[in-house]
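J.:
2 protein chains.
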Amino acid sequence: MPLFLNTHINKVDRKGRVSVPASFRAALAAQSAVAIVAFPSFRAPAIEVVDRQRMEQFSDSADQYAQFSDTHDDLSLAIFSNAEELAFDGEGRVMLPQSLADHAHITTLAAFVGLGRTFQIWSPETFERHKQSASARVREQGLSLMLRRNTEGGGS
Amino acid sequence: MPLFLNTHINKVDRKGRVSVPASFRAALAAQSAVAIVAFPSFRAPAIEVVDRQRMEQFSDSADQYAQFSDTHDDLSLAIFSNAEELAFDGEGRVMLPQSLADHAHITTLAAFVGLGRTFQIWSPETFERHKQSASARVREQGLSLMLRRNTEGGGS
DNA sequence: TCAAAACCCATTGACGCCCATATTTTCCCA
DNA sequence: TGGGAAAATATGGGCGTCAATGGGTTTTGA
Numbered sequence: 060m061p062l063f064l065n066t067h068i069n070k071v072d073r074k075g076r077v078s079v080p081a082s083f084r085a086a087l088a089a090q091s092a093v094a095i096v097a098f099p100s101f102r103a104p105a106i107e108v109v110d111r112q113r114m115e116q117f118s119d120s121a122d123q124y125a126q127f128s129d130t131h132d133d134l135s136l137a138i139f140s141n142a143e144e145l146a147f148d149g150e151g152r153v154m155l156p157q158s159l160a161d162h163a164h165i166t167t168l169a170a171f172v173g174l175g176r177t178f179q180i181w182s183p184e185t186f187e188r189h190k191q192s193a194s195a196r197v198r199e200q201g202l203s204l205m206l207r208r209n210t211e212g213g214g215s
Numbered sequence: 060m061p062l063f064l065n066t067h068i069n070k071v072d073r074k075g076r077v078s079v080p081a082s083f084r085a086a087l088a089a090q091s092a093v094a095i096v097a098f099p100s101f102r103a104p105a106i107e108v109v110d111r112q113r114m115e116q117f118s119d120s121a122d123q124y125a126q127f128s129d130t131h132d133d134l135s136l137a138i139f140s141n142a143e144e145l146a147f148d149g150e151g152r153v154m155l156p157q158s159l160a161d162h163a164h165i166t167t168l169a170a171f172v173g174l175g176r177t178f179q180i181w182s183p184e185t186f187e188r189h190k191q192s193a194s195a196r197v198r199e200q201g202l203s204l205m206l207r208r209n210t211e212g213g214g215s
């Protein structure tokens, strides 16, 4: 299982390419991924990124519910119709499609934000503001939820 | 399970490296850990350190809840986007990233503080002050709270 | 035929890896 | 029990490798 950590800010060059952080690539390589799947977040001006495996999981679970629920129907439309597969070049970069860059207001810099099993791509300034307000909320509400116990059986 | 005890003060060299105390490394080696995960404490100017296993557990539980709860979403952001995996070099040192050193006000000395299952890294002066006020609180309030049994199921 | 994108190569700066030295601890034996 | 050898730990620095970036060239596809 991949583990995406930290925030890396990389340049978007004139051709629209960005280096995916080496540590993220390493996390993906563990499952021999040659590409990633990106789609606009519907909660924020950011790009959601998952590996192909996970996208297929989305697809499976969407299949189960889409026919019964307008919400899921809308959800899968939002995700799949806007998702793009981004392939790595020889140097570990991807082309950032214009539509996604626009959605996230990315021009010359891209912030790769590790979120554990997935990561996001933001404009650095937008992300900084988002992070501030999120951490303010965390301080207000306390940490109890995080300290939830997992079942200690067979950890990976 | 690792057990981190005592406080060790080590130097941060010009390149930003610090030796992790040998006893801490021994505790980690029991699970053949080659790296640790560090992130800024929300509660204090200190660096929280956990092993990778524990981070994977966070990741799993966050994965389940983040999509349904704004609180968990904020928490994942606070933890993962600020967390870094620190790998040991051949001498048992790690690179202390600038952002973490800044958060803890660490410049030339780092205090490794064992807290049982995890440990923290402080600036020695800051930690000294923190310890003073903490022990004052303990004297005032008594130890009953600390000695309470945790409710966790099957700790090893 | 032209534009976009995939491919290839060069540069630079940071980090990982290695070796050298200093300091502390452990352990053995007188 | 004290001294001293040997090992383990902590610290400092040199150097090679790789990640990030930029630019050029070839291929693809409209």
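As you go down the protein sequences, you meet chains H and U in turn.
For the first sequence, the positions run 60 to 215 when the working numbering is used.
For the second sequence, the positions run 60 to 215 when the working numbering is used.
All C-beta atoms in this analysis are idealised placements derived from N, C-alpha and C, irrespective of residue type, glycine included.
#1: Could you name the residues of chain U that Gln-200 (chain H) contacts, counting a contact when the two beta carbons are closer than 7 Å?
#2: Classify His-131 (chain U) as buried or exposed, calling it buried when 16 or more other Cβ atoms lie within 10 Å of its own Cβ.
#3: Measuring only between beta-carbons, confirm whether Ala-105 (chain U) sits less than 7 Å from chain H.
#4: Is the beta carbon of Val-106 (chain H) less than 7 Å from the beta carbon of Ala-170 (chain H)?
#5: In the structure shown, what three-state DSSP assignment does Ala-94 (chain H) receive?
#6: Rounded to the nearest angstrom, how far is the Cβ of Pro-156 (chain U) from that of Asp-110 (chain U), given a contact under 8 Å?
#7: Got a sec: is the Cβ-Cβ distance from Phe-63 (chain U) to anything in chain H below 7 Å?
#8: Exposed or buried, Lys-190 (chain H), counting other C-beta atoms within 10 Å across all chains shown (16 or more means buried)?
#9: Counting only beta-carbon atoms, is Asp-148 (chain U) nearer than 7 Å to chain H?
#10: Just curious, the beta strand (DSSP E) that Lys-74 (chain U) is in, first and last residue?
#11: Could you spell out the range, first to last residue, of the beta strand (DSSP E) harbouring Ile-138 (chain U)?
#12: Does DSSP put Met-60 (chain H) in a helix, a strand or coil?
#13: What are the residues in the stretch 132-146 of chain U lying within 9 Å of chain H by C-beta distance?
#14: Along chain U, which residues have their Cβ under 9 Å away from the Cβ of Val-108 (chain H)?
#15: Is Pro-80 (chain U) helix, strand or coil by DSSP?
#16: If you drop the 5 nearest sequence neighbours on each side, which residues of the same chain put their C-beta closer than 8 Å to that of Ile-68 (chain H)?
#17: Extract the residue ranges of the alpha helix (DSSP H) inside the stretch 138-181 of chain U, only unbroken runs of 4 or more that lie entirely within it.
#18: Determine which residues share a DSSP beta bridge with Glu-107 (chain U) and list them.
#19: Out of curiosity, what's the CA-to-CA distance linking Asn-209 (chain H) and Gln-116 (chain U)?
#20: Considering only DSSP beta bridges, list what Asn-65 (chain H) is partnered with.
#21: Return the residue from the list U:Met-154, U:Gly-175, U:Gln-200 and U:Arg-176 that minimises the CA-CA distance to Asp-72 (chain U).
#22: Closest Cβ-Cβ distance between Arg-176 (chain H) and chain U: below 7 Å?
#23: For Val-108 (chain H) and Arg-84 (chain H), I'd like the C-alpha separation in whole angstroms.
#24: Going along the chain, which residues of its own chain have a beta-carbon closer than 7 Å to the beta-carbon of Phe-186 (chain H), five neighbours each way excluded?
#25: Please return the same chain residues whose Cβ sits closer than 6 Å to the Cβ of Met-114 (chain U), not counting the five positions on each side in sequence.
#26: Using a 10 Å radius around the Cβ and a threshold of 16 neighbouring Cβ atoms, would you call Ser-140 (chain U) buried or exposed?
#27: May I have the straight-line CA-CA distance separating Ser-78 (chain U) from Asp-161 (chain H), to the nearest angstrom?
#28: In whole angstroms, what separates the C-alpha of Ala-81 (chain U) from that of Gly-175 (chain H)?
#29: Work out the CA separation of Asn-65 (chain H) and Asn-102 (chain H) for me, nearest whole Å.
T.: If we stick to the structure as given:
#1: The count along the first sequence starts at 1 and reaches residue 200 (chain H) at position 141. Within chain U, the residues near Gln-200 (chain H) are Thr-130.
#2: Walking along the second sequence from the start, residue 131 (chain U) turns up at place 72. Around the beta carbon of His-131 (chain U), 16 or more other beta carbons lie within 10 angstroms, which makes this residue buried.
#3: Numbered from 1 along the second sequence, position 46 holds the residue referred to as residue 105 (chain U). For Ala-105 (chain U), the answer is no, since every Cβ of chain H falls outside 7 Å of its Cβ.
#4: Taking the first sequence and counting its residues from 1, the one referred to as residue 106 (chain H) is at position 47. Taking the first sequence and counting its residues from 1, the one referred to as residue 170 (chain H) is at position 111. Note on residue identity: the sequence assigns Ile, not Val, to residue 106 (chain H). No; because the gap between Cβ atoms is not below 7 Å, this pair is not in contact.
#5: Position 35 of the first sequence holds residue 94 (chain H). If DSSP states are grouped into helix, strand and coil, Ala-94 (chain H) belongs with the strands.
#6: One-based indexing of the second sequence puts residue 156 (chain U) at position 97. One-based indexing of the second sequence puts residue 110 (chain U) at position 51. Rounded, the Cβ-Cβ distance is 18 Å, inconsistent with contact.
#7: For the purposes of this step, residue 63 (chain U) is identified with residue 4 of the second sequence, where counting begins at 1. For Phe-63 (chain U), the answer is no, since every Cβ of chain H falls outside 7 Å of its Cβ.
#8: Locating residue 190 (chain H) in the first sequence gives position 131, where the first residue counts as 1. Flag for Lys-190 (chain H) reads buried.
#9: The residue labelled residue 148 (chain U) in the question sits at position 89 within the second sequence. So no, Asp-148 (chain U) is outside the interface.
#10: Translated into the one-based positions of the second sequence, residue 74 (chain U) becomes position 15. Counting along the chain, Lys-74 (chain U) falls outside any beta strand (DSSP E), and DSSP gives it neither H nor E.
#11: By 1-based counting over the second sequence, the position of residue 138 (chain U) is 79. That residue, Ile-138 (chain U), is in no beta strand (DSSP E); its alpha helix (DSSP H) goes 129-139.
#12: Counting from 1 along the first sequence, the entry for residue 60 (chain H) is found at position 1. Secondary structure at Met-60 (chain H): coil, using DSSP grouped into helix, strand and coil.
#13: Asp-132, Asp-133, Leu-134, Ser-135, Leu-136, Ala-137, Ile-138, Phe-139, Ser-140, Asn-141, Ala-142, Glu-143 and Glu-144
#14: As a first step, residue 108 (chain H) is located in the first sequence; it is residue number 49 there, counting from the start. Neighbours of Val-108 (chain H) on chain U: none; closest Cβ ~14 Å, over 9 Å.
#15: Mapped onto the second sequence, residue 80 (chain U) falls at position 21. If DSSP states are grouped into helix, strand and coil, Pro-80 (chain U) belongs with coil.
#16: Counting from 1 along the first sequence, the entry for residue 68 (chain H) is found at position 9. Only Leu-168, Ala-169, Ala-170, Phe-171 and Pro-183 meet the Cβ criterion.
#17: 157-162
#18: Counted from its first residue, the second sequence places residue 107 (chain U) at position 48. Partner(s): U:Phe-98 and U:Gln-179.
#19: Looking up residue 209 (chain H) in the first sequence gives position 150. Looking up residue 116 (chain U) in the second sequence gives position 57. Below a pLDDT of 50, predicted positions are generally treated as unreliable, and Asn-209 (chain H), at 41, falls in that range; the measurement from the model is reported next regardless. Taking the straight line from one Cα to the other gives about 7 Å.
#20: Position 6 of the first sequence holds residue 65 (chain H). BP columns for Asn-65 (chain H) are empty, so no partner.
#21: Position 13 of the second sequence, counted from the start, is the residue given in the question as residue 72 (chain U). If we check each option's Cα against that of Asp-72 (chain U), U:Met-154 comes out closest.
#22: Numbered from 1 along the first sequence, position 117 holds the residue referred to as residue 176 (chain H). It does: the Cβ of Arg-176 (chain H) has a partner Cβ on chain U nearer than 7 Å.
#23: Locating residue 108 (chain H) in the first sequence gives position 49, where the first residue counts as 1. Locating residue 84 (chain H) in the first sequence gives position 25, where the first residue counts as 1. Using only the alpha carbons, I get a separation of about 12 Å.
#24: Your numbering for residue 186 (chain H) matches position 127 in the first sequence. If we look at Phe-186 (chain H) and ignore the five residues flanking it on each side, its Cβ neighbours are Ala-170 and Val-172.
#25: Against the second sequence, residue 114 (chain U) aligns to sequence position 55. Cβ neighbours of Met-114 (chain U) beyond the five flanking positions: Val-96.
#26: By 1-based counting over the second sequence, the position of residue 140 (chain U) is 81. Buried, because 16 or more other Cβ atoms sit within 10 Å of the Cβ of Ser-140 (chain U).
#27: The residue given as residue 78 (chain U) occupies position 19 in the second sequence. The residue given as residue 161 (chain H) occupies position 102 in the first sequence. Cα-Cα distance, rounded: 45 Å.
#28: On the second sequence, residue 81 (chain U) is found 22 positions in, with the first residue counted as 1. On the first sequence, residue 175 (chain H) is found 116 positions in, with the first residue counted as 1. Whole-angstrom Cα-Cα distance: 29 Å.
#29: Position 43 of the first sequence, counted from the first residue, corresponds to residue 102 (chain H). Position 6 of the first sequence, counted from the first residue, corresponds to residue 65 (chain H). The question names Asn, but residue 102 (chain H) is Arg in the sequence shown. Straight-line Cα distance between these residues: approximately 21 Å.
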